Amino acid sequence: MLCTTLRPYNRTCGPTSGGVARLWIFDADDFNFTQAAADPSGAKPYSAVALRPGATAAGGARMFPIKFEKDEAEYTFKQSRKGCSVKYEHQLEFKLADLSQLITNWNAAIDAAGCCCGIGIVVQLNSGKIFVAGEKWVNSAAIDIPLEMKQDGSSGTSGKLKDDFNGETVIIKGDHMRKLYEYSDKVQSIIDLQ
Amino acid sequence: MFMLIKIKESAKEKVIAYNGRALPLGQRSDYAELAVIALESGDTSLLEVFETLPTLEELKKQKLEQTLPDLPKISSSNKK
Chain A
113 MLCTTLRPYN
123 RTCGPTSGGV
133 ARLWIFDADD
143 FNFTQAAADP
153 SGAKPYSAVA
163 LRPGATAAGG
173 ARMFPIKFEK
183 DEAEYTFKQS
193 RKGCSVKYEH
203 QLEFKLADLS
213 QLITNWNAAI
223 DAAGCCCGIG
233 IVVQLNSGKI
243 FVAGEKWVNS
253 AAIDIPLEMK
263 QDGSSGTSGK
273 LKDDFNGETV
283 IIKGDHMRKL
293 YEYSDKVQSI
303 IDLQ
Chain B
632 MFMLIKIKES
642 AKEKVIAYNG
652 RALPLGQRSD
662 YAELAVIALE
672 SGDTSLLEVF
682 ETLPTLEELK
692 KQKLEQTLPD
702 LPKISSSNKK
């Protein structure tokens, strides 16, 4: 208390689940997230999201769902520090089935986004919690230091046998100085933005 | 008497994801929820969709009164 303000982790006891339920990518410049002011308990989750001026659904400003292989998506992070400098390595890994022109074009778009502006990601865990990575605009202002998510380290295979996996293991990652913020609204509001 | 929440005509096509849906504002009626989000965040892109907007205290008081059950009135003739 005399040096810093610590907080309890007093989660209400109850079951939870592992795994990823849904995944979307978006152009981080298309969407503005809304966040209430922090209070003594800390930062608040995002409570709303809307298209920014100039971005239209008809023009391609959407939440793009990713149909990954069932039970083959995972969000991970790793925290590290050097002195007072803290880093969180965020990573999403998921499998896309069937090597094809479709997957080639999808990669071209993802790589361009990673190079030019970063990829926005919304991920719903099987616990029901929804997290946002790579957002750039909050409360109608640019985030001071945004998390830039990029495809890096993906791999693919045709497999050898008829029942081998044929497809791509996608890795999208980025470094930030904090963990991801939650989106507290129901998932239907994100689905409506598809 | 509470101040009414009114959305600007020019904002009725705006799509905002909140309170479980993302529909054009002209197709919604849950403006009180959006007003609370706008006031708690100070997000100008949300504040500017309102033509009239009560204070956060008024909105919370209004919500509380709507959730309180109607209690039966006690007749003065029942007093002993």
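Protein chains in written order, with the working numbering: chain A, 113 to 306; chain B, 632 to 711.
The C-beta atom is built at its ideal place from N, Cα and C for all residues, glycine as well.
Remember, predicted model here, so these are calculated numbers, not experimental data.
The contact set of Leu-292 (chain A) on chain B, defined by CB atoms closer than 9 Å, is empty, because the minimum CB distance reaches about 18 Å. In the DSSP assignment, Thr-117 (chain A) falls outside any alpha helix (DSSP H) and carries neither an H nor an E. Counting C-beta atoms within 10 angstroms of its own C-beta, Ile-255 (chain A) has fewer than 16 neighbours from the protein chains shown and is therefore classed as exposed. Linking Ser-267 (chain A) to Val-646 (chain B) through their CA atoms gives a straight-line distance of about 37 Å. Below 8 Å, enough C-beta pairs join the segment 222-241 of chain A and the segment 123-140 of chain A to call them touching: three or more.
According to the DSSP assignment, Gly-268 (chain A) belongs to no alpha helix (DSSP H) but to the beta strand (DSSP E) extending over 267-269. Here Leu-204 (chain A) carries a strand assignment [DSSP, helix/strand/coil].
Chain B has no Cβ within less than 8 Å of the Cβ of Ile-283 (chain A). Counting only runs of 3 or more residues that sit fully inside the segment 196-243 of chain A, the beta strand (DSSP E) segments are 197-209 and 231-237, in chain order. Excluding its 5 nearest sequence neighbours in each direction, Phe-206 (chain A) has C-beta neighbours in its own chain below 8 Å: Val-132, Leu-135, Ile-178, Phe-180, Glu-181, Glu-184, Ala-185, Glu-186, Thr-281 and Val-282, listed in chain order.
In this structure Glu-294 (chain A) is in contact with Lys-241 (chain A), their Cβ atoms being roughly 6 Å apart against a cut-off of 8 Å. One Cα belongs to Ala-160 (chain A), the other to Met-113 (chain A), and the distance between them is close to 33 Å.
Counting of Cβ neighbours within 10 angstroms places Tyr-121 (chain A) among the exposed residues, the total staying below 16.
With 16 or more other CB atoms across the displayed protein chains lying within 10 angstroms of its CB, Thr-146 (chain A) is buried. The beta carbons of Ser-676 (chain B) and Ala-149 (chain A) sit about 16 Å from each other, so the pair does not count as a contact at 8 Å.
In terms of Cβ geometry, Leu-665 (chain B) and Tyr-649 (chain B) form a close pair [threshold 8 Å]. CA-to-CA, the gap between Phe-681 (chain B) and Lys-691 (chain B) works out to about 17 Å. With a threshold of 8 Å between beta carbons, Leu-684 (chain B) makes no contact with chain A. Distances from the CA of Arg-659 (chain B) to each of B:Glu-644, B:Gly-673, B:Ser-672 and B:Ala-669 were compared; the closest alpha carbon is that of B:Glu-644. Apart from sequence neighbours up to five positions away, the residues of its chain that approach Thr-683 (chain B) with a beta-carbon distance below 8 Å are Met-634, Leu-635, Ile-636 and Lys-637, ordered along the chain.
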